[in-house]
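Asks: Structure incoming, see below.
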Ligand code: TXA
Ligand code: MG
């Protein structure tokens with residue numbers, strides 16, 4: 003199959019209406035989209051990504067009004083939508099019959115999100131169905147934040163990549179479920195806990211674990227480069243000997259005594275965690291492509307988007 007790349011919303015819409023899969027830009031990462039209401043189309047997402055069917059998909063909608071067609075929207079959810087949509091927040095809600103079980107892997111809830119990207123919002127508004135879309139990478143690998151990343155891995159396997167530049171946020175959406183007046187956090191992401199709390203929501207972290215499907219695709223190994231990546235405190239990792247050449251991913255190198263032979267990727271010299279999140283996945287790909295045999299990733303501050311960055315690095319790590 004030849005993969006066409008371009009900015010045509012019309013072309014993307016036509017293919018999606020025919021039951022095809024199309025890569026779409028979002029503010030978090032690129033998604034691999036298909037008609038969420040048509041099982042045959044959704045199956046193509048799973049086969050293209052080599053994704054196991056026990057991992058449910060997020061359903062993308064053009065706005066809160068359409069969300070009500072696919073799920074029961076309670077008061078807290080409505081407030082979240084009003085405040086944070088369009089944006090990197092996925093809300094888990096009781097699904098309506100019309101959403102195929104294949105999309106939710108048989109779970110009674112569906113994850114809904116209104117992405118903040120003008121092209122994809124235009125696309126969603128032009129369709130009379132919502133889009134199921136996981137990140138547009140082979141299962142378990144690093145998520146794509148540019149059309150080039152998508153093409154590197156899915157080129158030849160999908161008919162179209164809707165090009166919308168580099169993803170602004172750079173890490174996936176935050177996933178929450180409103181339950182009894184609090185928010186259960188299932189995956190840290192582009193909206194920080196602090197931002198949710200600042201709007202008066204009480205946030206609790208979901209009990210983690212690999213087996214419970216309730217913990218979203220939160221498989222321990224995920225977002226992983228092909229090379230071994232070691233994640234931990236800078237001092238601990240720097241106290242060990244590593245096989246050269248070595249690549250380092252860190253927020254900044256200030257106060258750190260890093261051997262001159264290491265290649266250092268500072269994600270933000272000024273310590274800006276949002277900027278750092280935006281560069282994370284592209285940097286991981288760069289390290290993976292390099293000649294180095296080892297990637298070291300130093301823990302980020304566990305605050306703001308630092309939580310999502312640490313979560314992705316932990317899952318990407320070798321051990
Ligand atoms: O930012 C994002 O969320 C991106 C863009 C494309 O929107 N999408 C994304 O999709 O990251 P994906 O499939 O790579 O990750 C979605 C996660 C999965 O780990 C899945 O298990 C979880 O969301 N999920 C989806 N529906 C769920 C549900 N009903 N219950 C629990 N977890 C769910
Ligand atoms: Mg993913």
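Residue numbers (this note's numbering): 3 to 321.
The beta carbon of each residue, even a glycine, is placed where N, CA and C say it ideally should be.
What's the call for residue 55, buried or exposed, on a 16-neighbour Cβ count within 10 Å?
Replies: Its Cβ having fewer than 16 others within 10 Å, residue 55 is exposed.
Asks: What does DSSP give as the partner residues of residue 37 in its beta bridges?
Replies: In the DSSP output, where bridge partners are listed per residue, residue 37 has 133.
Asks: Any heavy atom of the ligand MG closer than 7 angstroms to the beta-carbon of residue 136?
Replies: Yes, the ligand MG has a heavy atom inside 7 angstroms of this Cβ.
Asks: Kindly list the residues whose CB is nearer than 8 angstroms to the CB of residue 313, restricted to its own chain and excluding five residues on each side of it in sequence; keep chain order.
Replies: Excluding residues within five positions, the ones whose Cβ falls inside 8 angstroms are 189, 190.
Asks: Over the uninterrupted alpha helix (DSSP H) stretch that includes residue 72, give me the two end residues.
Replies: Element bounds for residue 72: 66-72.
Asks: So, helix, strand or coil for residue 207, using DSSP?
Replies: Three-state result, residue 207: strand.
Asks: Take residue 216 and list the residues in its own chain whose beta-carbon comes closer than 6 angstroms to its own, dropping the five residues that flank it on each side.
Replies: Bear in mind that the predicted position of residue 216 carries a pLDDT of just 45, short of 50, making it too unreliable to give a figure here.
Asks: Can you look up residue 216 in the DSSP assignment and give me helix, strand or coil?
Replies: Confidence is the limiting factor: at residue 216 the pLDDT is only 45, short of 50, which leaves the residue's position unreliable, though a coordinate-based value still follows. Of the three classes helix, strand and coil, the one that applies to residue 216 here is coil, per DSSP.
Asks: Check the C-beta distance from residue 29 over to residue 118 and give it rounded, since I have them as a contact under 8 angstroms.
Replies: The pair is a contact, with the Cβ atoms about 4 angstroms apart (cut-off 8 angstroms).
Asks: State the DSSP-derived secondary structure class of residue 113, mapped to helix, strand or coil.
Replies: Note: residue 113 maps to strand in three-state DSSP.
Asks: Look at the Cβ atom of residue 109, then the Cβ atom of residue 27, and state whether they are nearer than 8 angstroms.
Replies: Taking 8 angstroms as the Cβ cut-off, residue 109 and residue 27 do not qualify as a contacting pair.
Asks: Could you say which of 50, 127, 128, 94 lies nearest to residue 137 if we only look at CA atoms?
Replies: The shortest C-alpha separation from residue 137 is found at 50.
Asks: Could you tell me the alpha carbon to alpha carbon distance between residue 316 and residue 33, rounded to whole angstroms?
Replies: Computed Cα separation, rounded: 22 angstroms.
Asks: By Cβ distance, which residues of its chain are closer than 7 angstroms to residue 107, with the 5 residues on each side in sequence left out?
Replies: Contacts found: 55, 56, 57, 58, 215.
Asks: Does the separation of the CB atoms of residue 132 and residue 38 fall below 8 angstroms?
Replies: Yes; because the gap between Cβ atoms is below 8 angstroms, this pair is in contact.
Asks: At what residues does the beta strand (DSSP E) containing residue 8 begin and finish?
Replies: Counting along the chain, the beta strand (DSSP E) containing residue 8 begins and ends at 6-8.
Asks: What distance in whole Å lies between the Cβ atoms of residue 309 and residue 175, which are believed to be in contact at a cut-off of 8 angstroms?
Replies: Their Cβ separation, rounded to whole angstroms, is 13 angstroms, which puts residue 175 and residue 309 out of contact at 8 angstroms.
Asks: Take residue 265 and list the residues in its own chain whose beta-carbon comes closer than 6 angstroms to its own, dropping the five residues that flank it on each side.
Replies: Excluding residues within five positions, the ones whose Cβ falls inside 6 angstroms are 249.
Asks: Please determine, among 286, 273, 197, 11, the residue with the shortest C-alpha to C-alpha distance to residue 127.
Replies: Nearest C-alpha to residue 127: 11.
Asks: Ends of the alpha helix (DSSP H) at residue 187?
Replies: Here residue 187 belongs to no alpha helix (DSSP H); instead the beta strand (DSSP E) covers 184-189.
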